[in-house]
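Engineer: Chain order of the listed sequences is A and B.
Residues in the first sequence are numbered consecutively from 99, following our numbering.
Residues in the second sequence are numbered consecutively from 893, following our numbering.
Note that the Cβ used here is the ideal one computed from N, Cα and C, for glycine as well.
Just so you know, these numbers come straight off a predicted model, no measurement behind them.
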Amino acid sequence: MDTTPVGGSALSDFVDNLKAAPRRLYSSAFRSGLPTTDRTRSTFVFGNVFLHLHSVRTHRWSLRWTTTFGLGIMSASAFVITLVTGVLLMFYYKPTPELAYQSIKDIHFVVPTGRLIRNIHRWAANVMVVAVILHMARAFYTSAYRRPREYNWLIGILLLVVTLGLSFTGYLLPWDQLAYWAITIGANIAQSPREVTDALGITTYFDPGGLQRLLLLGSDIVGPEALIRFYLLHVMILPLGLAALVAVHFWRIRKDGGMVRPADVDARLAQEPAPDTYPVFTEAPARTYQLAAIVRGKTEAVNRGPENTVPSMPHLFYAELGVLMLTLLVCVALSLVSDAPLKELANPNVPENPAKAPWYFLGLQEMVSFSAFMGGMGIPVIVLLGLALIPYLDRESDGTGEWFGGPGGWLLVRRSAFIGLAAPILIETFAIRFGWLREWFPHIPQLVVTAINPATVLTSIYAAYSIWCIRQHRSARAGALSLFTCFLGGFVVLTVIGTYFRGPNWAFYWSPADWPTH
Amino acid sequence: MTVTAKPARSRLDPEPLSRRDWLGLTSLWAMGAALLFGVVGMMRLPKAAVLSSPSKKFRVALPDTLAAGEAFVPPGRAVSVFKDDQGVHAISTICTHLGCVVKPGASGFECPCHGSRFALDGSVTRGPAPRPLPWLKVSVAGNVVTIDEGTAVTAGTKEV
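See the structure below:
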């Protein structure tokens, strides 16, 4: 065995190692060095567990602003912002009915930067909902759900549901009047299958509604059990679920071949990027290779990046950072001009009048004001199932990757938007002016009202119109385009009516100025 | 009687299950079943066996000035108590639509959340409420009334 020589040489080795330690620490963490060549740009991506959700090279089409408008990254950025601000809020928030309201008040008025952080949390949640809905519309209108991206479309629908769930559970936590009554209404929507089981007289034996409400509230009243459950869902279960789903969602984008592209994308991107500004391909092949059965797609072209791609580092990552900064800017700017609401302390005996949910649920609230079960559960479930089925019913390939599938699609979308906006306006006008079945026939069975009410009539009109479109255009895509556009239109109209035109007792008012004073 | 020879196994046929594979598959399935059993057991946890809500039964003294047809709301309770010549009755003021507390008035009950209206006997006159407001069990001892919010009685039942 070697014995270490005593004295100078060991000590000087030690000192040398100590001097070299920072450099060695750096090179052990970042093994490949600066991303300056194609090779190091690649290792920069696949050597990093987080970045390697992206592919090493990105198609130039994906980087065009109009391909995605950055909406997916905006949703993810808003999620990260709510995550960070949410963790900060957890320093002070106490999830018990006695302390919750006081702790939110403390956060808002006493804690340093508390008000700003709470505002950012609330605005980022709003931005996230908007971005997720727009992102879904973008994916739909560019036919991004088509083969091979069907599965990712389903993950996206789950993400929409979890996003709305996060918003809803966060709404209860301040324990103010708004929160308390929104949760009362929400929990009773969960119980609304009783509307059907009661009418059939089978609630005693089969009561899914009661079970849902019991599991949500942990009790038969909205109390401490409900608050701790919503807190648990809001800070633990739903964020973990969302994070897992987001990871799958990102991963599948890469596995499904990146962003959706039109078939003639290379022709559209004919001109090569300027070589001095784009490090396109420093090690381009000098001859063609056939990669039969290994890579889907065309043969690599000589002296050009494969399939018109550029390195993800820096092009994609800098674009994503840009969207993150933009999202942060929007959230902070909104937080500086508009405070998150905090009403009076929850009072279980006097409902807020009108008791309004957050704006993105007001379309639902408008529908539950006709029938709790149909508006709150039946139609949302039908819509979600319809969305999930779209990629399996539309197996066409024309116009994939193009907005509205080309010029004919744009005309169809405009026509559908007109129907989608006009139908709910007409039906609402009728229902507000003349009432509905219950007012005309007070003893009508509840099942009839559940089956035939303004919300179900509207859904039927949309369904009939889209079936007509399928026959007219001989294309399932036409049906999907018209139905999706109609539902977006219906969502907008019902949300606007619920937000601006409903006052005390959910009566119609042209303006809040006309509300009776009390 | 002709005897047909058993056809030789093609090399494309699947291998018959070997004993070792059988043991392996059985233990995999047993593992799956055990985990499933555990998960089903865990899912029982969130459904409480005993609810933490306060008692549904309470006692309240009616004010002497209570006029016939006028609603008396015991403090902190979602109940309206009425007294007339035929006796006392109590109607729950929790809307059968989505659980808001309805407001008693001269002509009936109004829900602030989605505009349901109920007549004075609790029956639905308009709006989305699917069922009439339930009448609650009352027992009267002099001026003191005991009301059980957990037990509904047939509409029209009045206690003296």
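1) Taking DSSP as the reference, what is the three-state secondary structure of E110 of chain A?
2) DSSP state of P522 of chain A, grouped into three classes?
3) Based on the DSSP output, what are the partners of R155 of chain A in its beta bridges?
4) What residues in the stretch 930 to 948 of chain B bring their beta carbon closer than 7 Å to a beta carbon of chain A?
5) Residues in its own chain within less than 6 Å of G474 of chain A by CB, not counting five upstream and five downstream?
6) Mind checking if R911 of chain B is an interface residue toward chain A, Cβ cutoff 8 Å exclusive?
7) With DSSP run on the structure shown, which of helix, strand or coil describes R139 of chain A?
8) Give a yes or no on whether the minimum CB-CB distance between P610 of chain A and chain B is below 8 Å.
9) Give the single residue among B:K949, B:K939, B:P908 and B:G1019 whose Cα lies nearest to the Cα of S1031 of chain B.
10) Could you have a look at G316 of chain A and say whether DSSP puts it in helix, strand or coil?
11) For N286 of chain A, which residues in chain B fall below 9 Å Cβ to Cβ?
12) In the stretch 291 to 353 of chain A, which residue ranges form an unbroken alpha helix (DSSP H) of at least 4 residues, counting only runs that do not cross its ends?
13) Kindly indicate the opening and closing residues of the alpha helix (DSSP H) around A562 of chain A.
14) Could you check if M357 of chain A is buried or exposed, using at least 16 other CB atoms within 10 Å of its CB as the buried criterion?
15) If you draw a straight line from the C-alpha of I281 of chain A to the C-alpha of L270 of chain A, how long is it?
16) Looking only at its chain, what residues have a beta carbon closer than 7 Å to the beta carbon of D374 of chain A, apart from the 5 residues adjacent to it on each side?
17) Measuring alpha carbon to alpha carbon, tell me which of A:H571, A:L524 and A:E500 ends up nearest A242 of chain A.
18) Bridge partners of R1018 of chain B, per DSSP?
19) Which of the three DSSP states, helix, strand or coil, is assigned to R912 of chain B?
20) When DSSP labels each residue in this structure, what does R129 of chain A get in the three-state scheme?
21) Within this structure, are the beta carbons of W273 of chain A and A453 of chain A separated by less than 8 Å?
22) Can you confirm whether A1044 of chain B, when its beta carbon is compared against all beta carbons of chain A, has any partner nearer than 8 Å?
23) Looking only at its chain, what residues have a beta carbon closer than 8 Å to the beta carbon of A176 of chain A, apart from the 5 residues adjacent to it on each side?
24) So, C992 of chain B versus W604 of chain A, is the Cβ gap smaller than 8 Å?
25) Taking one C-beta from the stretch 319 to 328 of chain A and one from the stretch 194 to 204 of chain A each time, how about it: are there three or more such pairs within less than 8 Å?
26) Residues of chain B with CB closer than 8 Å to the CB of N250 of chain A, please, in chain order.
27) Using the beta-carbon of each residue, which ones in chain B are nearer than 9 Å to I319 of chain A?
28) Using the DSSP secondary-structure output, state which residues sit across from E450 of chain A in a beta bridge.
29) Taking 8 Å as the limit between beta carbons, can you name the residues of its chain near T183 of chain A, skipping five residues before and five after?
30) Taking the beta strand (DSSP E) that R951 of chain B belongs to, which residues open and close that run?
31) Let me see if you follow: with CB-CB separation under 8 Å, is E398 of chain A close to chain B or not?
32) Counting Cβ pairs, one atom from each stretch, are 3 or more of them under 8 Å apart for the stretch 581 to 594 of chain A and the stretch 505 to 516 of chain A?
33) Count the other C-beta atoms from every protein chain shown that fall within 10 angstroms of the C-beta of D492 of chain A, then say buried if there are 16 or more, exposed otherwise.
34) With 8 Å as the threshold, decide whether the Cβ of G131 of chain A is near any Cβ in chain B.
35) Just to confirm, is the Cβ distance from T1038 of chain B to R951 of chain B under 8 Å?
36) Measure the alpha-carbon distance for R129 of chain A versus D364 of chain A and round it to whole angstroms.
Structural biologist: According to the structure data:
1) Position 12 of the first sequence, counting from 1, holds the residue named residue 110 of chain A. A small fix is needed here, since residue 110 of chain A is Ser in this sequence, not Glu. Of the three classes helix, strand and coil, the one that applies to S110 of chain A here is helix, per DSSP.
2) Taking the first residue of the first sequence as 1, we reach residue 522 of chain A at position 424. Of the three classes helix, strand and coil, the one that applies to P522 of chain A here is helix, per DSSP.
3) The residue labelled residue 155 of chain A in the question sits at position 57 within the first sequence. A:P409, per the DSSP bridge assignment.
4) Using a CB distance below 7 Å, the part of the stretch 930 to 948 of chain B facing chain A consists of P938, K939, A940, L943, S944 and S945, ordered along the chain.
5) Here residue 474 of chain A refers to the residue found at position 376 when the first sequence is read from its first residue. Residues of the same chain with a CB within less than 6 Å of the CB of G474 of chain A, apart from the 5 flanking positions on each side, are I287, S290 and V466 in chain order.
6) Sequence index remark: in the second sequence, residue 911 of chain B carries index 19 (1-based). Taking CB atoms only, R911 of chain B has no neighbour in chain A less than 8 Å away.
7) Position 41 of the first sequence holds residue 139 of chain A. Correct three-state label for R139 of chain A: helix.
8) Here residue 610 of chain A refers to the residue found at position 512 when the first sequence is read from its first residue. No, its Cβ sits nowhere closer than 8 Å to a Cβ of chain B.
9) In the second sequence, the residue the question calls residue 1031 of chain B occupies position 139. Scanning B:K949, B:K939, B:P908 and B:G1019 for the CA closest to the CA of S1031 of chain B turns up B:K949.
10) In the first sequence, the residue the question calls residue 316 of chain A occupies position 218. In the structure shown, G316 of chain A sits in coil (DSSP, three-state: anything other than H, G, I, E or B).
11) The residue given as residue 286 of chain A occupies position 188 in the first sequence. Simply C987, H989, L990, G991 and C992.
12) As summarised for the stretch 291 to 353 of chain A, the continuous alpha helix (DSSP H) elements at least 4 residues long and confined to that stretch are 292 to 298, 306 to 315, 322 to 330 and 336 to 353, given in chain order.
13) In the first sequence, counting from the first residue as 1, residue 562 of chain A sits at position 464. Run containing A562 of chain A: P552 to H571, per the alpha helix (DSSP H) assignment.
14) Here residue 357 of chain A corresponds to residue number 259 of the first sequence, with the count starting at 1. Classification of M357 of chain A: buried, given that the 10 Å Cβ count is 16 or more.
15) Taking the first residue of the first sequence as position 1, residue 281 of chain A is located at position 183. Taking the first residue of the first sequence as position 1, residue 270 of chain A is located at position 172. One alpha carbon belongs to I281 of chain A, the other to L270 of chain A, and they sit about 6 Å apart.
16) Position 276 of the first sequence, counted from the start, is the residue given in the question as residue 374 of chain A. Confidence at D374 of chain A is low in this model, with a pLDDT of 48, below 50, so the placement of that residue is unreliable and no value is reported for it.
17) Stepping through the first sequence from its first residue, residue 242 of chain A is reached at position 144. If we check each option's Cα against that of A242 of chain A, A:E500 comes out closest.
18) As a position in the second sequence, residue 1018 of chain B is number 126, starting the count at 1. Per DSSP, B:R1009.
19) Locating residue 912 of chain B in the second sequence gives position 20, where the first residue counts as 1. In the three-state reduction of the DSSP assignment, R912 of chain B falls in the helix class.
20) Indexing the first sequence from 1 puts residue 129 of chain A at position 31. Reduced to three states, the DSSP call for R129 of chain A is coil.
21) One-based indexing of the first sequence puts residue 273 of chain A at position 175. One-based indexing of the first sequence puts residue 453 of chain A at position 355. No, these two residues do not count as a Cβ contact at 8 Å.
22) Here the question's residue 1044 of chain B lines up with position 152 in the second sequence. So, not an interface residue.
23) Your numbering for residue 176 of chain A matches position 78 in the first sequence. Cβ within range, chain order: A222, A223, V225, M226, A229, T425 and C429.
24) For the purposes of this step, residue 992 of chain B is taken as the residue at position 100 of the second sequence. For the purposes of this step, residue 604 of chain A is taken as the residue at position 506 of the first sequence. It is not a contact, given that the beta carbons lie outside the stated cut-off.
25) These segments touch.
26) Taking the first residue of the first sequence as position 1, residue 250 of chain A is located at position 152. Below the 8 Å Cβ cutoff, chain B contributes no neighbours of N250 of chain A, its closest Cβ being approximately 27 Å away.
27) Stepping through the first sequence from its first residue, residue 319 of chain A is reached at position 221. Within chain B, the residues placing a beta-carbon under 9 Å from that of I319 of chain A are L943, S944, S945 and P946, ordered along the chain.
28) The residue you call residue 450 of chain A lines up with position 352 of the first sequence. Partner(s): none; E450 of chain A has no beta bridge.
29) On the first sequence, residue 183 of chain A is found 85 positions in, with the first residue counted as 1. Here the set comprises I215, R216, I218, H219 and A222.
30) As a first step, residue 951 of chain B is located in the second sequence; it is residue number 59 there, counting from the start. Unbroken beta strand (DSSP E) run through R951 of chain B: K949 to A953.
31) Reading the first sequence from its first residue, position 300 is the one you call residue 398 of chain A. Only weak support is given to the placement of E398 of chain A: the predicted model assigns it a pLDDT of 49, under 50, and the value that follows is read from those uncertain coordinates. Answer no: the Cβ-Cβ gap between E398 of chain A and chain B never drops below 8 Å.
32) Yes, the stretch 581 to 594 of chain A touches the stretch 505 to 516 of chain A.
33) Position 394 of the first sequence, counted from the start, is the residue given in the question as residue 492 of chain A. Flag for D492 of chain A reads buried.
34) Reading the first sequence from its first residue, position 33 is the one you call residue 131 of chain A. Not one chain B Cβ lies under 8 Å of G131 of chain A.
35) Start at 1 with the first residue of the second sequence, and residue 1038 of chain B comes out as number 146. Start at 1 with the first residue of the second sequence, and residue 951 of chain B comes out as number 59. Yes, the pair counts as a contact, with Cβ atoms nearer than the cut-off.
36) Locating residue 129 of chain A in the first sequence gives position 31, where the first residue counts as 1. Locating residue 364 of chain A in the first sequence gives position 266, where the first residue counts as 1. Taking the straight line from one Cα to the other gives about 35 Å.
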